[in-house]
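The structure appears right after this line, and notes come after that.
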Amino acid sequence: MVTIALTGQLQTMDGECDLACEIDQSLSVRQLIQRQGVQLRHLLQLLREKKVLVTINKRIASEDSLVHDGDAIRLIGHDGMGGSGLGPTHL
Numbered sequence: 009m010v011t012i013a014l015t016g017q018l019q020t021m022d023g024e025c026d027l028a029c030e031i032d033q034s035l036s037v038r039q040l041i042q043r044q045g046v047q048l049r050h051l052l053q054l055l056r057e058k059k060v061l062v063t064i065n066k067r068i069a070s071e072d073s074l075v076h077d078g079d080a081i082r083l084i085g086h087d088g089m090g091g092s093g094l095g096p097t098h099l
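Mapping to my numbering: the sequence shown position 25 is 33, numbers consecutive.
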């Protein structure tokens, strides 16, 4: 089982801040988020915009880092400027 903790202003569409999911093989952080479907879909855009800091087992990681069974993922929202502009940028 992998745990995903959403901190700061991040949360699921249902308002959850902690998730647990089973994985049967190693996946990237991005793939793990994609597997959660609608619940975490909004995080994919924030990852692309570099508005989310990723850690795996308390070590800084990236969206391409591999996640293994038993890992603890923490996603921390930031806008890079110390503010709270975490909404996806609309072009």
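Using N, Cα and C, we set each Cβ at its ideal position, and we do this for glycine too.
Neighbour-count burial assignment, residue i, 16 or more Cβ in a 10 Å radius
i, result
"I68", "exposed"
"D79", "buried"
"K59", "buried"
"V37", "buried"
Straight-line gap, residue i to residue j (C-alpha atoms, nearest Å)
i, j, result
"L55", "E71", "7 Å"
"C25", "L48", "11 Å"
"N8", "S34", "The question about residue 8 has no answer, for the chain in this structure spans 9 to 99."
"Q53", "D77", "25 Å"
"L27", "D87", "23 Å"
"Q19", "S73", "21 Å"
"T63", "L51", "15 Å"
8 Å CB neighbourhood of residue i in its chain, flanking five on each side removed
i, result
"L40", "V10, I12, C29, I31, V75 and I81"
Contacting residues, own chain, Cβ-Cβ under 6 Å from residue i (five flanking each side not counted)
i, result
"I84", "T15, G16 and L61"
"Q42", "none"
Those residues which DSSP pairs with residue i across a bridge
i, result
"D26", "A13"
"L40", "Answer by DSSP bridge pairing: none, since L40 is not bridged."
Contacting residues, own chain, Cβ-Cβ under 7 Å from residue i (five flanking each side not counted)
i, result
"G45", "none"
Please go through the stretch 46 to 96 and give each complete alpha helix (DSSP H) segment of 4 or more residues, from N-terminal end onward.
-> 49 to 56
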